[in-house]
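**Student:** Mind looking over this structure? Questions follow.
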Amino acid sequence: MIDPFGRSITYLRVSVTDRCDLRCTYCMSEKMTFLPKRDLLTLEELDRLATAFILKGVRKLRITGGEPLVRRDVLSLIDNLSRHLETGALEEITLTTNGTQLRQHAARLARAGVRRLNVSIDSLVADTYARITRGGDLGGVLDGIKAANDEGMAIKINAVALKNDNANELADMVAWAHSEGHDFTVIEAMPMGEISEDRYDQYLPLSLVREGFETRWTLTPLAHRTGGPARYVRVEETGGQLGFITPLTHNFCEGCNRVRLTCTGQLYMCLGQQDKADLRAVLRQEGATDAMLAAAIDDAIARKPKGHDFVIDRPGSAPAVPRHMSTTGG
Ligand code: SAM
Ligand code: SF4
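Numbering (our numbering), first residue to last: 162 to 491.
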């Protein structure tokens, strides 16, 4: 699949639920309204749509949400999709998770062929973690990471840089991750969906974070990309990899290779734009064929926009898009 700007689309992110057991302050409001369960694609429908993308050339699948591990039977979806790993049609299935349920699911994820995980942790101070996530238990997440590690999965820690919550802690978090053998990626807060706080009070440009890191370490830029939007450096003193995802200070759209499917079957061709394609409607038409699905996917890719333009430059501004990251699938 080639989009109008010549970019090859080989990466699909699938949000399997908009629900979550945490309520991170930059992601959701405290009293979040979730979709009625009847609106969600069934696991069979998710499998059929993901397979349609794989037939069209998607090589990498990321399962996300909301919190993917709170959806009942998500493991059987991953088990089934792993047949595409066996045929070689798919290079990898990965998962982005908050890690709260990782301890009990790590072994089965590994058996299904998941070799890499992204785990989101925005603080290593238990109280700060609990405040950011509105009640999360850091110890349980660390146990989950250990379980995944013991299963041989590579782990990347993701943290959103937050001016008032973790700005002073980020370098120590990188040092911890690298000492445990994990890569680390730091992310700018994006203006997606209404939350209870003002994102202006949270947003911390990564240009400043990087300057802080450079007072402590030597950072060597790497050519290495994982198929995602991060730009990587090696921290010479720790030997570990450090990624920067900078949707605000340094737009990365020119290399965009991905599209996102929501748990209701809406395909978003860009994280920061509103245009979408209703693939559930196609799927649920009587006698929907694979050719009809393929045509609907082609039609959507032909509308993929050039990029997003997120800004957080003044207090009280409205989000760039009304939907939350948890709906689109981060
Ligand atoms: N619940 C899982 C988790 O937290 O990893 C998966 C879904 S979550 C939406 C995926 C990623 O998006 C997480 O790393 C999270 O920190 C990030 N995220 C959520 N809202 C964001 C926002 N407004 N700006 C930047 N990153 C955000
Ligand atoms: Fe849940 Fe992930 Fe959003 Fe936090 S970032 S509220 S864990 S979906």
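Positions of the beta carbon are idealized from the N, C-alpha and C atoms, including for glycine.
For residue 254, would you say it is in contact with chain C, using Cβ-to-Cβ distances shorter than 8 Å as the test?
**Tutor:** The displayed structure is made up of one protein chain only, and chain C is not part of it.
**Student:** Shortest alpha-carbon distance to residue 233 belongs to which of 248, 243, 204 and 209?
**Tutor:** For the purposes of this step, residue 233 is taken as the residue at position 72 of the sequence shown. When each option's Cα is compared against that of residue 233, the closest is 204.
**Student:** Examine the ligand SAM and report whether any of its heavy atoms sits within less than 7 Å of the Cβ of residue 425.
**Tutor:** Along the sequence shown, one-based indexing puts residue 425 at 264. Result no, Cβ not under 7 Å from the ligand SAM.
**Student:** Helix, strand or coil, according to DSSP, for residue 312 in the structure here?
**Tutor:** Start at 1 with the first residue of the sequence shown, and residue 312 comes out as number 151. DSSP places residue 312 in coil when its eight states are reduced to three.
**Student:** Rounded to whole angstroms, what is the Cα-Cα separation between residue 177 and residue 458?
**Tutor:** Stepping through the sequence shown from its first residue, residue 177 is reached at position 16. Stepping through the sequence shown from its first residue, residue 458 is reached at position 297. Going by the C-alpha atoms only, they are around 19 Å apart.
**Student:** Which parts of the stretch 404-448 are runs of the beta strand (DSSP E), unbroken and 3 residues or longer, counting only runs that do not cross its ends?
**Tutor:** Counting whole runs of 3 or more residues, the stretch 404-448 contains the beta strand (DSSP E) stretches 419-422, 427-429 and 437-439.
**Student:** Do you know whose CA, among 206, 249, 216 and 255, lies nearest residue 230's CA?
**Tutor:** Numbered from its first residue, the sequence shown carries residue 230 at position 69. Of the listed residues, the one whose Cα sits closest to residue 230 is 255.
**Student:** Using the rule of at least 16 other Cβ atoms within 10 Å of the residue's Cβ for burial, across every protein chain shown, is residue 381 buried or exposed?
**Tutor:** Start at 1 with the first residue of the sequence shown, and residue 381 comes out as number 220. The residue is exposed, with fewer than 16 neighbouring Cβ atoms inside 10 Å.
**Student:** Since residue 191 contacts residue 264 with CB under 8 Å, what's their CB separation in whole angstroms?
**Tutor:** As a working note, residue 191 is residue 30 in the sequence shown. As a working note, residue 264 is residue 103 in the sequence shown. With 8 Å as the limit, residue 191 and residue 264 do not qualify as a contact, their Cβ atoms being about 26 Å apart.
**Student:** Can residue 170 be considered in contact with the ligand SAM, in the sense that its beta carbon sits closer than 7 Å to one or more heavy atoms?
**Tutor:** For the purposes of this step, residue 170 is taken as residue 9 along the sequence shown, with counting starting at 1. The answer is no for residue 170.
**Student:** Cβ of residue 350 within 7 Å of any heavy atom in the ligand SAM?
**Tutor:** Here residue 350 corresponds to residue number 189 of the sequence shown, with the count starting at 1. Because some heavy atom of the ligand SAM lies under 7 Å away, the Cβ of residue 350 counts as near it: yes.
**Student:** Mapping the DSSP letters down to three states, classify residue 381 as helix, strand or coil.
**Tutor:** Sequence index remark: in the sequence shown, residue 381 carries index 220 (1-based). Residue 381: strand per DSSP, three-state reduction.
**Student:** Does the distance from the CB of residue 351 to the CB of residue 390 come in under 8 Å?
**Tutor:** Sequence index remark: in the sequence shown, residue 351 carries index 190 (1-based). Sequence index remark: in the sequence shown, residue 390 carries index 229 (1-based). Cβ atoms of residue 351 and residue 390: not closer than 8 Å.
**Student:** Mind reading off the beta-carbon distance from residue 433 to residue 469? Whole number of angstroms is fine, and I expect it under 8 Å.
**Tutor:** As a first step, residue 433 is located in the sequence shown; it is residue number 272 there, counting from the start. As a first step, residue 469 is located in the sequence shown; it is residue number 308 there, counting from the start. Right, the Cβ-Cβ distance comes to about 2 Å (below 8 Å), so this counts as a contact.
**Student:** State buried or exposed for residue 385, treating a residue as buried only when at least 16 other CB atoms are found within 10 Å of its CB.
**Tutor:** Along the sequence shown, read from residue 1 onward, the residue named residue 385 stands at position 224. So residue 385 ends up on the exposed side.
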